[in-house]
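Since the structure comes first, as structure tokens, the remarks are kept for the end.
Here you go:
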């Protein structure tokens, strides 16, 4: 049989994972990335158990875990530094088969690119058009034209593939708050536990990276595009410099130029992730706020599930319809849950904040872990579920 070909638009985590999954199944793949090189501008990334199961299916879980740090414990604190809830990562691993692993986004991207032949990766290949000419999909890019059997739009929140083939779909919507991300210099005594601290309309969290560094993130309810003052770092110090320890120590260890700021958006639900021989994946299909740490995790799930569906039949449109049925309900439910958590975390009215914090303090860890099962209990198609995992449902 002739070798099937796939063109993947977007060289981020989801696009590269899809390329790996298809390449290992004998597909001829090309990954078109508009940037001049395959790299990631970002800070830390949390890989929850479901993401590590997806990486297991790609044969990369052990390699990726070796690049990251396993957080021993974490939880949520209030503005005074008191614990509202805590999570034991050992129990997380027991229930779901993997712990929570945190690493730098650039390290994950490098592990994914190294799993592909260099000639699959085409940087500087911005896509200018995607269409169906009646015989199949056509992708026009800086390097010419591609006419593959399958096109995967993995080109992010403002996807060119989505705009071309879903022209009537609603665009990204502002979540109501902005985010800062940063990585500290190595610390002599880094915190032993991660935490998210909830204030009034503001949050700041931190978690460990390898080498004594900490990944920190913060949010504040602001209009989109709001000015930051002298610098983003100065704005962070103004807002969070007097928050409970170890937050002032962590901010003091952040290089001023290392602070990244992005207004947060999600994507209104699409009626379908597929059009003929074209499928959307990751943020291009279901961009979500980062409150659950599931954006990249869901993209990895997408990639593995799409490859599984394509294994079942050589009828690409039929395989994509199966992918849509499997992925759209789940990812849109995770996106809604993330948005709800963000709304709770950003509460600013004092009585509502008091009610939120009291409810969090009274919720036992076991109930918290049970509530996470619909998200973290995912398994790659065909992967067996153990007795322990069944008990956690």
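In my numbering, the protein residues as written are -4 to 388. Cβ coordinates follow ideal geometry from the N, Cα and C atoms, glycine included.
Going along the chain, which residues of its own chain have a beta-carbon closer than 6 Å to the beta-carbon of residue i, five neighbours each way excluded?
i, result
"residue 326", "281, 293"
"residue 74", "194"
"residue 45", "292, 371, 373"
"residue -1", "22, 144"
"residue 385", "Low confidence applies to residue 385: its pLDDT is 41, below 50, so where it sits in the model is not reliable enough to give any reading."
"residue 83", "68"
"residue 333", "283, 284, 286, 287"
"residue 176", "38, 212, 255"
"residue 289", "329"
Determine whether the beta carbon atoms of residue i and residue j lie at a separation below 7 Å.
i, j, result
"residue 279", "residue 149", "yes"
"residue 135", "residue 120", "no"
"residue 69", "residue 188", "yes"
"residue 258", "residue 284", "no"
"residue 342", "residue 351", "yes"
"residue 186", "residue 241", "yes"
"residue 323", "residue 268", "yes"
"residue 203", "residue 56", "no"
"residue 171", "residue 216", "yes"
"residue 375", "residue 52", "yes"
"residue 96", "residue 60", "yes"
"residue 24", "residue 17", "yes"
"residue 100", "residue 54", "no"
"residue 300", "residue 321", "yes"
"residue 206", "residue 181", "yes"
"residue 178", "residue 208", "yes"
"residue 295", "residue 1", "no"
"residue 62", "residue 102", "yes"
I'd like to confirm the pairing. Which residues does DSSP put opposite residue i in its beta bridges?
i, result
"residue 80", "71"
"residue 256", "175"
"residue 192", "72, 199"
"residue 114", "Per DSSP, none; premise fails for residue 114."
"residue 268", "Its beta-bridge partners do not exist; DSSP assigns none."
"residue 209", "203"
"residue 24", "1"
"residue 131", "Paired residues: none, contrary to the question."
"residue 140", "135"
"residue 124", "135"
"residue 353", "Answer by DSSP bridge pairing: none, since residue 353 is not bridged."
"residue 168", "261"
"residue 214", "174, 198"
Rank the options by C-alpha distance to the C-alpha of residue i and give the top, closest one.
i, options, result
"residue 315", "63, 304, 77", "304"
"residue 228", "211, 53, 295", "211"
"residue 330", "67, 168, 145", "168"
"residue 199", "141, 86, 235, 47", "235"
"residue 114", "42, 14, 266, 59", "14"
"residue 98", "175, 47, 324", "47"
"residue 364", "29, 30, 205, 85", "85"
"residue 67", "76, 61, 301, 81", "81"
"residue 165", "152, 207, 309", "152"
"residue 265", "31, 78, 116, 161", "161"
"residue 174", "190, 133, 256", "256"
"residue 270", "362, 298, 126, 79", "126"
"residue 78", "358, 362, 378", "358"
"residue 132", "328, 311, 362, 355", "311"
"residue 183", "347, 116, 244", "244"
"residue 263", "213, 231, 328", "328"
"residue 116", "-4, 29, 197", "29"
"residue 5", "129, 306, 353, 298", "298"
"residue 355", "192, 94, 231, 142", "192"
"residue 339", "290, 306, 214", "214"
"residue 346", "252, 196, 302", "196"
"residue 76", "139, 377, 94, 190", "190"
Who are the Cβ neighbours of residue i in its own chain at under 8 Å, not counting the five residues just before and after it?
i, result
"residue 104", "7, 8, 11, 33, 34, 35"
"residue 382", "Model confidence at residue 382 stands at a pLDDT of 34, short of 50, so the residue's coordinates are unreliable; what they give is reported in the following sentence. Hits under 8 Å: none found."
"residue 387", "Summary for residue 387: the model assigns pLDDT 39, below 50, so the residue's position carries little reliability, and this model does not support an answer."
"residue 380", "Note that residue 380 scores 46 on pLDDT, short of 50, meaning its location in the model is unreliable and no value can be drawn from it."
"residue 378", "48, 51, 52"
Please return the same chain residues whose Cβ sits closer than 7 Å to the Cβ of residue i, not counting the five positions on each side in sequence.
i, result
"residue 137", "119, 120, 121"
"residue 308", "314"
"residue 141", "2, 25, 134"
Can you confirm whether residue i, when its beta carbon is compared against all beta carbons of chain B, has any partner nearer than 7 Å?
i, result
"residue 214", "Absent from the structure is chain B; it holds one protein chain and no more."
Query raised in the report: Pairing CB atoms from the region 146 to 160 with CB atoms from the region 268 to 276, are three or more of them under 8 Å?
Result: Three or more Cβ pairs drawn from the region 146 to 160 and the region 268 to 276 lie within less than 8 Å of each other, which places the two stretches in contact.
Query raised in the report: Is the number of C-beta pairs between the region 205 to 222 and the region 104 to 113 that are closer than 8 Å three or more?
Result: Contact between the region 205 to 222 and the region 104 to 113 is absent, because fewer than three Cβ pairs lie under 8 Å.
**Report entry** At least 3 beta-carbon pairs within less than 8 Å: the region 242 to 250 vs the region 307 to 321
**Finding:** No: fewer than three Cβ pairs fall under 8 Å.
Query raised in the report: How do the region 350 to 369 and the region 77 to 92 stand: do at least 3 beta-carbon pairs fall below 8 Å, yes or no?
Result: For the pair of segments examined, the region 350 to 369 was found to touch the region 77 to 92: the number of CB pairs separated by less than 8 Å reaches three.
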